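Novice:
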Amino acid sequence: MNFETLIFEKKEDVGIIQFNRPKANNALNELLFNELDELVDLVSKDDEIKVIILTGGERVFAAGTDIKHLVHLNAIEAESFITLINSVSDKIADIDKPTIAAIAGYCLGGGFELALACDILIASTGAKFGQPEVNIGIVPGGGGTQRLVRLVGPAWGKRMIMTGEFIDVEQALNLGLITEVVETEQLISRGLEIADLLKKKAPNALRLAKRCVNFGQNVDLASGLEFEQKIWALLFSTEDKKEGMEAFIEKRSPNFIGK
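Just so you know, numbering that gives the first Met the number 0 puts the end of the sequence shown at 258, numbered straight through with nothing missing.
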């Protein structure tokens, strides 16, 4: 798979998607979103890939959406572009495989919104996060006013969105935006370690756990609990449930097969 704005690598059964616009600090343009849309579809259908890592490399994750592209858009073109962005973000959020955002450097605007669509976020020392759209007269349009606020609450969500201020990794860790901080040179290797941990779990349980959490973000508590209950019972029909419980009783490691 050859792309102009992305680098894709398979490390055994982990797919690593890296933004590749270094001269633009990985600013996200229409071509990148179109290529990412295509690549996410391909990765989704690849049964060999169990976990996906999204990264910008060791220098910068993504310094927002490319302003040089946005500046010439009219309202109709802007709506078409933001529809593409949200379609890609939703695919990442809903893909039936665990996703890890491995973040170094600036993670801003549309780049931050893509990271927020991932399941697990880790970052290197020196990383910066922000939604600075107000500084150019707009608001976040790729999920920032929704996913960010659901994650950190309205107080901090409004502060970040309305001031455009950046936060560092320690603040991001304290707010629950990321789960851990590592040295830059360890970022991808740590992502792969987390991927290895995820790969040992029952695939159907991972997939449906993710679906339960995502569903619960958009409904009332009673509806979320009912959905969780149905999923819990459904997993009792799987071979992996039988294997997992027998392995626990027999004090051995389970051999999950995804059925």
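Where a beta carbon is used, it is the ideal one built from N, C-alpha and C, also for glycine.
Small disclaimer: the values here were computed from a predicted structure and weren't measured.
(1) With a Cβ-Cβ cutoff of 9 Å, do Ala116 and Thr98 count as a contact?
(2) Exposed or buried, what is Thr64 when buried is set at 16 or more other beta-carbons lying within 10 Å of its beta-carbon?
(3) Note down, in chain order, each residue of its chain lying with its Cβ closer than 6 Å to the Cβ of Ala61, except the 5 sequence neighbours on either side.
(4) On a Cα-Cα basis, can you pick out the residue from Ile248, Lys127, Ala246, Leu205 that is closest to Asp95?
(5) Can we say the segment 190-206 touches the segment 147-166, given the rule of at least three CB pairs closer than 8 Å?
(6) If you draw a straight line from the C-alpha of Ile84 to the C-alpha of Gln130, how long is it?
(7) Using 8 Å for Cβ pairs, my map puts Asp239 next to Phe255. What's the rounded Cβ distance?
(8) Measure how close the beta-carbons of Ile48 and Val39 come, nearest whole angstrom, since I'm counting them as under 8 Å.
(9) Using beta-carbon positions only, say whether Leu207 and Leu233 come within less than 9 Å of one another.
(10) Beta-carbon separation of Val87 and Ile51 under 9 Å?
(11) Where does the unbroken beta strand (DSSP E) through Ile51 begin, and where does it stop?
(12) Cutting at 6 Å between CB atoms, please list the residues of its own chain near Leu30, excluding the five before and the five after it.
(13) Is the Cβ of Leu172 closer than 9 Å to any Cβ of chain D?
(14) What is the residue span of the beta strand (DSSP E) that Val133 lies within?
(15) Spell out the partners DSSP gives Leu224 in its beta bridges.
(16) If you reduce the DSSP assignment to three classes, tell me which class Val13 lands in.
(17) Please confirm whether Thr178 and Leu186 have their CB atoms less than 9 Å apart.
Specialist: From the atom records:
(1) Yes, the Cβ-Cβ distance between Ala116 and Thr98 is below 9 Å.
(2) With 16 or more other Cβ atoms within 10 Å, it is buried.
(3) The answer, listed in chain order, is Phe18, Asn25, Leu27, Gly55, Gly110.
(4) Looking at the Cα atoms, Leu205 is the closest of the given residues.
(5) Of all C-beta pairs linking the segment 190-206 to the segment 147-166, fewer than three are shorter than 8 Å, placing the two stretches out of contact.
(6) Cα atoms of Ile84 and Gln130: separation of roughly 15 Å, rounded to the nearest angstrom.
(7) Between Asp239 and Phe255 a beta carbon distance of about 5 Å is seen, short of the 8 Å cut, so the two are scored as contacting.
(8) Not really, about 11 Å apart at Cβ, beyond 8 Å.
(9) Yes, Cβ-Cβ distance for Leu207 and Leu233 is below 9 Å.
(10) Val87 places its beta carbon 9 Å or farther from that of Ile51.
(11) Residues 50-54.
(12) Around Leu30: Thr4.
(13) Of the chains in the structure shown, none is chain D; there is only one protein chain.
(14) Secondary structure note for Val133: it is in no beta strand (DSSP E), with a DSSP letter that is neither H nor E.
(15) Looking at the DSSP assignment, Leu224 forms no beta bridge with any residue, so it has no partner.
(16) Val13 falls in the strand class under three-state DSSP.
(17) Cβ distance not < 9 Å, so Thr178 and Leu186 don't count as in contact.
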